[in-house]
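If you're matching positions, the sequence shown starts at 1 in full-length UniProt numbering and goes up one per residue.
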Amino acid sequence: MENQENLLLDVDEFEIPSKDVEEILNSKRNHVLYLFLLEGIANIAPMLMISRISDENVVKNLSLKTQIDDIKSYVKENISVFGLKGRSHYFRNEVCLGEIIHYLYIIRGITGDPFEPFICVSLKDNVYTCIAYANTKEFIVISSNGTDLISSVLQKASQKGMYSLYRYVDLINSCIECKFP
Numbered sequence: 001m002e003n004q005e006n007l008l009l010d011v012d013e014f015e016i017p018s019k020d021v022e023e024i025l026n027s028k029r030n031h032v033l034y035l036f037l038l039e040g041i042a043n044i045a046p047m048l049m050i051s052r053i054s055d056e057n058v059v060k061n062l063s064l065k066t067q068i069d070d071i072k073s074y075v076k077e078n079i080s081v082f083g084l085k086g087r088s089h090y091f092r093n094e095v096c097l098g099e100i101i102h103y104l105y106i107i108r109g110i111t112g113d114p115f116e117p118f119i120c121v122s123l124k125d126n127v128y129t130c131i132a133y134a135n136t137k138e139f140i141v142i143s144s145n146g147t148d149l150i151s152s153v154l155q156k157a158s159q160k161g162m163y164s165l166y167r168y169v170d171l172i173n174s175c176i177e178c179k180f181p
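(1) Looking at the structure shown, is residue 65 part of a helix, part of a strand, or coil, going by DSSP?
(2) Who are the near neighbours of residue 127 in its chain, counting only those whose CB is closer than 7 angstroms to its CB and skipping five residues on each side?
(3) Give me whichever residues DSSP pairs with residue 99 in a beta bridge.
(4) Expressed to the nearest angstrom, what Euclidean distance is found between the alpha-carbon atoms of residue 139 and residue 130?
(5) What span of residues does the alpha helix (DSSP H) with residue 156 cover, start to end?
(6) Quick one: give me the first and last residue of the beta strand (DSSP E) that residue 140 is part of.
(7) If you follow the alpha helix (DSSP H) that residue 110 is in, where does it begin and where does it stop?
(8) Given a cut-off of 8 angstroms, decide if residue 103 and residue 64 are closer than it, judged by their beta-carbon atoms.
(9) Could you compute how far the alpha carbon of residue 155 sits from the alpha carbon of residue 123?
(10) If you follow the alpha helix (DSSP H) that residue 173 is part of, which residue opens it and which one closes it?
(11) Identify every residue that forms a DSSP beta bridge with residue 81.
(12) Does the Cβ of residue 163 have 16 or more other Cβ atoms within 10 Å, making it buried, or fewer, making it exposed?
(13) Say the cut is 7 angstroms; is the CB of residue 87 nearer than that to a heavy atom of the ligand GTP?
(14) Return the CA-CA distance between residue 30 and residue 22, expressed in angstroms with no decimal places.
(15) Between residue 87 and the rest of its own chain, which residues show a CB-CB distance below 6 angstroms, the 5 nearest in sequence each way excluded?
(16) Excluding the 5 residues preceding and the 5 following residue 119 in the sequence, name in chain order all residues of the same chain whose CB lies nearer than 7 angstroms to its CB.
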C-alpha cells in the first residue's frame with residue numbers, strides 16, 4: 001500500500017497538459033470545418049474564377065474541363081512540395097475555345113491558412129503566366145514569353161520587400177528545381 005502511495009505522488013509531480021473534452025472537441029470540429037472549407041474552395045474555384053469576369057455574355061454557356069496529367073511529391077530537408085500538371089479546356093456550345101497547361105507546386109502543411117504557399121505556372125498560346133502566392137498580402141503575377149519566371153518572381157519579391165513570398169518561392173524552387181517546357 002505504501003508503494004502505491006509513493007507511485008501516486010510521483011505521478012502528481014509531472015505536469016500533465018490540461019485539455020478538457022470541450023477543447024478537444026472544438027479542435028476536432030475546427031479541423032473538420034477547415035477540411036470542408038478546403039474541399040469547398042477546390043470545388044467552386046472554377047466558378048469563382050469565371051464569376052470575376054464582368055461581362056455576362058463572355059461567361060454565358062461557358063464550360064471548363066480540367067484534366068490532371070501528372071502528380072508528384074518532392075521532399076527535401078523536411079520540406080514537402082506537392083506538384084500537379086494539368087490542362088484546362090474551355091468550351092462554349094461544345095466547341096473548344098482553347099487549352100491552358102498548368103504546373104502547380106504547393107508547400108503543404110506549412111501554414112494554417114486555407115491557401116498554402118504555391119507557384120502556378122500556366123502556358124497558353126506560348127505565353128507563360130506565373131502566380132506566386134505566400135499569403136493574402138504577398139503574391140505576384142508575372143507573364144512572359146520566356147521560361148525564366150522563377151528568377152523574375154524572386155527578383156520582384158525582393159524589390160518589393162515580400163520576404164515571405166521570396167522564402168516560399170525559393171523553398172519550392174530548391175525542392176523541385178523548376179523547369180518548364
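Heads up, the beta-carbon is just placed ideally off N, CA and C, and yes, glycines get one too.
Reading it off the structure:
(1) Of the three classes helix, strand and coil, the one that applies to residue 65 here is strand, per DSSP.
(2) If we look at residue 127 and ignore the five residues flanking it on each side, its Cβ neighbours are 143, 145.
(3) Under DSSP, residue 99 forms a beta bridge with 89.
(4) Roughly 10 angstroms separates the two Cα atoms.
(5) 149–159 is the span of the alpha helix (DSSP H), which, as asked, contains residue 156.
(6) Annotation for residue 140: the continuous beta strand (DSSP E) segment containing it runs 138–144.
(7) Per DSSP, residue 110 is not a residue of any alpha helix (DSSP H), being assigned neither H nor E.
(8) Going by C-beta atoms, residue 64 is not nearer than 8 angstroms to residue 103.
(9) Residue 123 has its alpha-carbon roughly 21 angstroms from the corresponding atom of residue 155.
(10) First-last of the alpha helix (DSSP H) with residue 173: 163–176.
(11) According to DSSP, which records beta bridges pairwise, residue 81 is partnered with 74, 107.
(12) Only exposed fits residue 163, as fewer than 16 other CB atoms lie within 10 angstroms of its CB.
(13) The model on display carries no ligand, and the ligand GTP is accordingly not part of it.
(14) Answer to the nearest angstrom: the Cα atoms are 12 angstroms apart.
(15) So the qualifying residues of the chain are 67, 99, 101.
(16) Closer than 7 angstroms at the Cβ level, and outside the excluded window around residue 119, lie 105, 130, 132, 169, 172.
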